[in-house]
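Working notes, beginning with the structure itself.
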């Protein structure tokens, strides 16, 4: 009892302390404050909203996992309206509040440059996710940029116009603010180096009240130049870009338009939604505009695709590159804070900021980088992120990858024949460096059928259409499937083209493929109790430097809208509607994802790649992944990860507390048992969610599959445990109260049977072993073991028979066969143990006990009769003796008065009159103590009546005489040799009182 009270107190105290800590952490605990400064109102509010939502999405994820070293992340938002003077005011407010350990922001370069002076003065580390002007980080060691600078994008655009557009004439419309001014300056400098001609330049002030008139004037002049104006570069912000593009398109100007990252924001894309022409013809204004962008989702990695899904699910809108870069900026900052091991207190704020800055500055190469949605995040010595520039083109309001990209050649010696590569235009010489001319190939798939799913061998049959859309000389059939079972069989199917056409120098080819593929083919892509089907392939020859696969979102209709609801049709719904996966298969589609990925493979000594660093060749691999799950109801989906941790702790505590609640009422005990089932289920469900999530980030797929089986096993063992709890509570305990203590063998046998059935379930359903083969194997093992331990088996089954027939129970006094009588103290699997009167334990094998005569002194009840015999001289009247003996019995202790004791005169023998004194007792263990007390009372009453017990006496006659050798034995006179006669016996024995 004391142990129970102690354990109960410990559990309650732990629960109180946990809840107290939880509340303290939530309301008053040490938290890490991070400021965001950006446009939350005004024309740039869309970008501000997208970025803050992305940051909060990441912070929520970190806080759900306990924060950083137990400290919660809190985001403080400051609105700079994309204005330099307000940005400086907001930066000063951040410094005066003196709580933020770091700042994420600003958005406009002019705002970042202005606010950066404050951050430098007060030594506050800041990271901008989008300001590209070189002056933001130049000369300010406290400012970091998680994006390329405008110098990179300006030079890139000039090279693209020269070598891809093959144009030499450019007209520039530029703002006087920092962003557009510097971008145009860099572009102009690079264009002049490339012998390009800058035909026109127009500048404007952003805060001009008559900006609309200024733009109309510019467009009229541009229209008058016609084709001589060349390519139009818009070095402007997104809001001004919308106005200019509307005027240019409405004026019918057909010149190609290019821009930088500002024109790839949602602010620009959504700026045309209110235009009637755009509503009637989506993409009217934006189609064919090329923009330099930090991220294109159709070429982004799986982390970016996952981020996009999470963002859309959380906020019901699609993110743009600004959201992805804000998300990665938050990720980099959190990683720096974690590695810096800051204290997070007001007193250590200055030191914490210094630690964070130094940690950010230490992310200088790919080995220290933080991998995120935008790739690897790390900085050069100027604190600029090393991110590539990509070219996107607008199609139907969506920015997709252009068919040609440029990539910097980092090491020219990695190209086996540089001059040949230049002659083939696979490599372009630009200034003092070289750039890969990379072909972009759009890949699309139409899944026709997924069938013959073999989960045990992780194989399935897939029937699908595969198409490619590309420019230039490219063999799409020369590909290598990563997860195909028979590579040769699939390659044969590429000999036949379903459809082939060329239009506007763009080639289109379609193939029909059907074959067996391996499931779960992507590492680190394992979802709990789900499997991955689909295809993954790369080109056999062309590396990532010359070929990039991208998802054909337009060709696959991923941007289609339902006519009625006007909502985006999910891939899952489309595949379900097309019955790609038959309902009869027992599986359903949970998630579909298409994404390219850069993979590294060994060059295997290929002479073309002998100079490649570390002998590693990078390929662009395209992945079409479909997550499938069993078509059944699951409880995991009912619990959000957000509440899983609290639910696990609460249910665990309540589950333990239920074992300390007791009641004699059957209904109440049943209710407690039901709550134990509920709390145990919630504990397993929430723990399963948390554990699976942790494993997905900290282990490999193979390790996760092995470890996660623990929960599958627990789902069998815990119900078995609760069934045994119920049997103990509702069967054995009530039976014990009614019939006495239950033998352990029955309880143990039932418990073992339940756990054995659970073990069978684990083997069959968790480890997916056939039940028939299991029976055959277990039968053979059972036969071998049975022969070895047949005696023990005999004892076990004899014990079961004994417990079924119940000739005795624990606590009964019995006599078994020739063994001493004693009390039954245990009936186990092998033997029955009794405690004899001498205190020794006698173990009788169950097989012997079941075959022996058994006298149970406690059956049918514990009352038993004793019949001692009293001998009295025959001269005393029987009636008087009976009265005396009855009085003696009635005065004795420990004998029962009901039934009444009796005295029976049984007759006279050769030497006494005999009387039976019969009485009852109910404690066989005190049998001899009771007899002692009875005999004491008998002696006392007989003595008081002057009657002594009769004692049988014998007289022995001794004959004297010598017997010589050879002489006859001397016998008394008158006797003869031989057996004594009756008379002799009579003379030799005299009976006296």
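In this note's numbering, the protein residues as written are 234 to 1226.
Backbone N, C-alpha and C define an ideal beta-carbon position, used for all residues, glycine too.
What's the gap between the Cα of residue i and the Cα of residue j?
i, j, result
"residue 524", "residue 632", "9 Å"
"residue 747", "residue 505", "44 Å"
"residue 329", "residue 835", "55 Å"
"residue 889", "residue 919", "16 Å"
"residue 907", "residue 583", "55 Å"
"residue 453", "residue 482", "12 Å"
"residue 1037", "residue 1083", "11 Å"
"residue 394", "residue 657", "19 Å"
"residue 992", "residue 953", "10 Å"
"residue 188", "residue 623", "Any property of residue 188 remains undetermined from this structure, which presents the chain solely from 234 to 1226."
"residue 938", "residue 872", "21 Å"
"residue 1130", "residue 1050", "32 Å"
"residue 1068", "residue 1053", "9 Å"
"residue 317", "residue 615", "22 Å"
"residue 729", "residue 743", "9 Å"
"residue 829", "residue 293", "28 Å"
"residue 876", "residue 547", "16 Å"
"residue 1108", "residue 1128", "30 Å"
"residue 1170", "residue 1064", "42 Å"
"residue 414", "residue 807", "47 Å"
"residue 1104", "residue 1175", "11 Å"
"residue 1306", "residue 500", "Given that the chain is displayed from residue 234 to residue 1226, the structure contains no residue 1306 and the question cannot be resolved."
"residue 522", "residue 529", "14 Å"
Kindly indicate the opening and closing residues of the beta strand (DSSP E) around residue i.
i, result
"residue 1088", "1087 to 1089"
"residue 430", "430 to 437"
"residue 696", "692 to 704"
"residue 687", "666 to 687"
"residue 451", "Segment 444 to 458 is the alpha helix (DSSP H) holding residue 451; no beta strand (DSSP E) there."
"residue 1149", "1146 to 1154"
Just mark residue i as buried or exposed, buried being the case when its beta carbon has 16 or more other beta carbons within 10 Å.
i, result
"residue 1110", "exposed"
"residue 282", "buried"
"residue 764", "buried"
"residue 881", "buried"
"residue 512", "exposed"
"residue 555", "buried"
"residue 526", "buried"
Starting from residue i and walking both ways along the alpha helix (DSSP H), at which residues does that stretch end?
i, result
"residue 1080", "1079 to 1084"
"residue 500", "499 to 502"
"residue 729", "From DSSP, residue 729 is part of no alpha helix (DSSP H); its letter is neither H nor E."
"residue 586", "582 to 594"
"residue 805", "804 to 810"
"residue 1047", "It is not in any alpha helix (DSSP H) - residue 1047 instead sits in the beta strand (DSSP E) that spans 1046 to 1049."
In this structure, does DSSP put residue i in helix, strand or coil?
i, result
"residue 977", "helix"
"residue 895", "coil"
"residue 1110", "coil"
"residue 533", "coil"
"residue 777", "coil"
"residue 1000", "coil"
"residue 517", "coil"
"residue 281", "helix"
"residue 829", "strand"
"residue 480", "helix"
"residue 766", "strand"
"residue 426", "helix"
"residue 957", "helix"
"residue 926", "helix"
"residue 1247", "The chain is shown from 234 up to 1226; residue 1247 falls before or after that span and cannot be answered."
"residue 376", "strand"
"residue 541", "helix"
"residue 611", "coil"
"residue 369", "helix"
"residue 824", "strand"
- request: Please specify which runs of the alpha helix (DSSP H), each continuous and at least 4 residues long, are wholly inside the stretch 305 to 366, giving them in chain order.
  value: As summarised for the stretch 305 to 366, the continuous alpha helix (DSSP H) elements at least 4 residues long and confined to that stretch are 317 to 330, 342 to 355, given in chain order.
- request: Mind listing, in chain order, the continuous beta strand (DSSP E) runs of no fewer than 3 residues lying wholly within the stretch 384 to 409?
  value: 402 to 408
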